[in-house]
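Engineer: Let me begin by handing over the structure; questions about it come next.
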């Protein structure tokens with residue numbers, strides 16, 4: 028699921044890469060189950076630069092940690108909302 032685009036590839040970001048001096052882009056999906064909810068991008072600026080297997084493995088680990096962090100933040104927001112609803116319910120019931 029890793030996509031690596033180099034300066035020789037004639038794909039969408041190629042003009043942007045030439046303009047910014049980027050020589051290679053590594054793109055990793057950030058997932059929640061089967062759903063992609065973000066992308067992790069890493070770039071190399073050196074001419075002729077390539078991502079090696081170690082860098083790709085590190086990017087996979089970072090992507091996994093970022094995905095977990097995003098999911099944790101979503102769950103915390105959901106808990107805060109549920110707690111607020113509970114408090115409103117208890118306040119309404121005690122008022123009645």
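In the numbering used here, the protein residues as written are 28 to 123.
Where a beta carbon is used, it is the ideal one built from N, C-alpha and C, also for glycine.
Spatial neighbours of residue 65 within its chain, please: C-beta separation below 7 Å, excluding the five flanking residues on both sides.
Structural biologist: For residue 65, where only same-chain residues beyond five positions count, the Cβ hits under 7 Å are 57 and 97.
Engineer: Would you mind reading off the limits of the alpha helix (DSSP H) that contains residue 88?
Structural biologist: Element bounds for residue 88: 80–122.
Engineer: If you draw a straight line from the C-alpha of residue 83 to the C-alpha of residue 45, how long is it?
Structural biologist: Roughly 22 Å between the two C-alpha positions.
Engineer: Give the single residue among 36, 60 and 95 whose Cα lies nearest to the Cα of residue 53.
Structural biologist: Of 36, 60 and 95, the residue nearest in Cα terms is 36.
Engineer: Nearest to residue 71 by alpha carbon, out of 86, 51 and 79?
Structural biologist: The shortest Cα separation from residue 71 among 86, 51 and 79 belongs to 51.
Engineer: Can you give me the C-alpha to C-alpha distance between residue 121 and residue 103, rounded to a whole angstrom?
Structural biologist: Spanning the two alpha carbons is a distance of roughly 27 Å.
Engineer: For residue 40, collect the residues of the same chain with a Cβ closer than 7 Å to its Cβ; drop the 5 residues on either side in sequence, then sort them by chain order.
Structural biologist: Correct list, in chain order: 32 and 52.
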